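Notes for the one structure printed next.
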């Protein structure tokens, strides 16, 4: 390369470097100047609120303040004041603020919509769920407190093309305890998006509806949908689905689903006892271990022992069948520890019953204990 070529390359690099440096310095200066002006124009600065206070300003003054002020906090102040003072006139301005390039203005536009609580503002919030912003939870919490007159605008989101919107709207309706059950949500149980299906099961569980449909969700291919269906059944009649909960505790690959199923099983252990007894008598080894673990964690083993001494023949027969099935599994459940808790005369009676059921276990039993 000639000397001219080197000189030419050096010149181009020098010019580009100078332009980059000039741009960086300009941006820093503009940013510093902007912060300086905002600090001067903020609350308590040289600018004074309209008419001594924005809360006394007329709606047209607040709108003018929003459009003319270049300070974000004055815009926000005008916007929220308008939502308080004239909510029916605020929706148009809120819609404009939601499109602002300034994140603070967009966020407080959501807050202003929650203050106004008009159907138009509800529609704006539903549309905001489609923007992929990070404020989904905040928007949902605002919609929960809207009046019933805004329900048509919210329910319109159930058929939105964006599954994020559909899921959030169903969650909002779940939290609105005063709103009657919406049958159209049943159709969303087969939605292609798992977040929508999970929201549907949460909604149905909250309203104690469509128990059989929820039970189908226990077989969903997505783990958090199964977990939500399991949690919903736990709010309704968990004893009816004890066998399914045992299956989930054994076979489900998700730890969370296993945990929810176990909580449901322990929630009403007495009602689930027929399914547990059937599992102890005829279930596979792993199922039996799960059932024994549930009995121990619920503290039901002590009740099973004591019910074998009940004066009620029915109670005594049921407890006897469970205890016999429990002993036949030969799975450790702390039998001696349980016996040690009883007074000597009760302990002797229980040891006699257990020995009669399973003679081979007699040498392992203790007749000594704390007698509590």
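Numbering (this note's numbering), first residue to last: 1364 to 1735.
Think of the CB as a built atom: it goes at the ideal place given N, C-alpha and C, for glycine as much as any other residue.
This one's a predicted model, so the numbers in the text were calculated from it and none came from an experiment.
Buried or exposed for residue i, please, with buried defined as at least 16 other CB atoms from any protein chain shown within 10 angstroms of its CB.
i, result
"residue 1701", "buried"
"residue 1524", "exposed"
"residue 1625", "buried"
"residue 1645", "exposed"
"residue 1706", "exposed"
"residue 1570", "buried"
"residue 1675", "exposed"
"residue 1627", "buried"
"residue 1520", "buried"
"residue 1638", "buried"
"residue 1454", "buried"
"residue 1478", "buried"
"residue 1378", "exposed"
"residue 1685", "buried"
Quick one: residues in its chain with C-beta nearer than 7 Å to the C-beta of residue i, no 5 flanking neighbours on either side, listed in chain order?
i, result
"residue 1572", "1544"
"residue 1604", "1578, 1596"
"residue 1429", "1438, 1441, 1442, 1456"
"residue 1611", "1581, 1593, 1620, 1621, 1624"
"residue 1516", "1482, 1485, 1486, 1489"
"residue 1642", "1609, 1650, 1651, 1654"
"residue 1470", "1498"
"residue 1461", "1469, 1472, 1487, 1491"
"residue 1415", "Confidence in residue 1415 is poor, its pLDDT being 45 and thus under 50, which makes the residue's placement unreliable; the coordinate value appears in the next sentence. If we look at residue 1415 and ignore the five residues flanking it on each side, it has no Cβ neighbours."
Between residue i and the rest of its own chain, which residues show a CB-CB distance below 6 Å, the 5 nearest in sequence each way excluded?
i, result
"residue 1449", "1422"
"residue 1682", "1667, 1670, 1671"
"residue 1405", "For residue 1405, the predicted structure reports a pLDDT of 44, less than 50, and the residue's modelled location is therefore unreliable. A value from the coordinates is still provided. Once the five neighbours on either side are set aside, the close Cβ partners of residue 1405 are 1436."
If we call anything under 7 Å between Cβ atoms a contact, is residue i one with residue j?
i, j, result
"residue 1712", "residue 1672", "yes"
"residue 1476", "residue 1488", "yes"
"residue 1663", "residue 1634", "no"
"residue 1507", "residue 1535", "yes"
"residue 1531", "residue 1513", "no"
"residue 1526", "residue 1556", "yes"
"residue 1721", "residue 1690", "yes"
Could you pull out every residue in the same chain whose Cβ sits closer than 8 Å to the Cβ of residue i, ignoring the five residues on either side in sequence?
i, result
"residue 1661", "1629, 1632"
"residue 1576", "1549, 1552, 1567"
"residue 1588", "1557, 1560, 1561, 1564, 1580"
"residue 1678", "1670"
"residue 1533", "1521, 1548, 1551, 1559, 1562, 1563, 1565, 1566"
Would you say the beta carbon of residue i comes nearer than 6 Å to a heavy atom of the ligand SAH?
i, result
"residue 1439", "Absence of the ligand SAH is noted for the structure shown, with no ligands found whatsoever."
TODO: Identify every run of the alpha helix (DSSP H) within the region 1601-1640, keeping only runs that are complete inside it and at least 4 residues long; order them along the chain.
DONE: Within the region 1601-1640, the complete alpha helix (DSSP H) runs of at least 4 residues are 1605-1614, 1618-1630.
Open item on the list: Three or more C-beta pairs under 8 Å: does that hold for the region 1587-1595 against the region 1556-1573?
Closed with: Contact between the region 1587-1595 and the region 1556-1573 is present: 3 or more CB-CB pairs across the two stretches fall below 8 Å.
- [ ] Would you list, in sequence order, the uninterrupted beta strand (DSSP E) runs of no fewer than 3 residues that lie entirely inside the region 1454-1527?
- [x] As far as the region 1454-1527 is concerned, it has no whole beta strand (DSSP E) run of at least 3 residues.
Open item on the list: Extract the residue ranges of the beta strand (DSSP E) inside the region 1632-1701, only unbroken runs of 3 or more that lie entirely within it.
Closed with: Here no run is fully enclosed.
Open item on the list: Three or more C-beta pairs under 8 Å: does that hold for the region 1651-1667 against the region 1687-1695?
Closed with: Yes: at least three Cβ pairs fall under 8 Å.
Open item on the list: For a minimum of 4 consecutive residues, which ranges assigned as the alpha helix (DSSP H) are wholly contained in the region 1568-1606?
Closed with: Taking only runs of at least 4 residues, the alpha helix (DSSP H) segments lying wholly in the region 1568-1606 are 1574-1579, 1586-1597.
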